[in-house]
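Enquirer: The numbers in the sequence shown follow the working numbering, run straight up by one, and end at 124. The beta carbon of each residue, even a glycine, is placed where N, CA and C say it ideally should be. For reference, the structure I am asking about is given below.
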Amino acid sequence: MPFWKRSSQEDEQQKIQAQQEAENSRRSIEAGGLPIQAQRRLSEETAAGHPLFSSDLSTNEFLLARKQGYIALSQVMGSSIYH
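If you want it as structure tokens, here you go:
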């Protein structure tokens, strides 16, 4: 935006809302939670009925586990080092 153009009232409101959301996200993170936008995305995915799952299984391993009736209940975060 050029320096000679004034922000509209709508632009100012959006800026204030973004600052408030950033502050709320900071508080959530400090309390051990997730940022507000991440909470929103997870809620949308859950409401849509999409399972949240990620793994390093190969396609064949994943399909074999699915064929045996295994269903992911949650995800564990961590680090691994492969040599």
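What are the start and end residues of the alpha helix (DSSP H) that includes residue 59?
Expert: Segment 50 to 71, the alpha helix (DSSP H) holding residue 59.
Enquirer: Taking the C-alpha atoms as reference points, what is the distance between residue 87 and residue 46?
Expert: Spanning the two alpha carbons is a distance of roughly 42 Å.
Enquirer: My output table needs one value for residue 108: the three-state DSSP class, helix, strand or coil.
Expert: Helix at residue 108.
Enquirer: Which of the three DSSP states is assigned to residue 77 in this structure?
Expert: It is helical.
Enquirer: Mapping DSSP to helix, strand and coil, what is residue 132?
Expert: Past the boundaries of the shown model lies residue 132; the chain is included only from 42 to 124, so the question cannot be answered.
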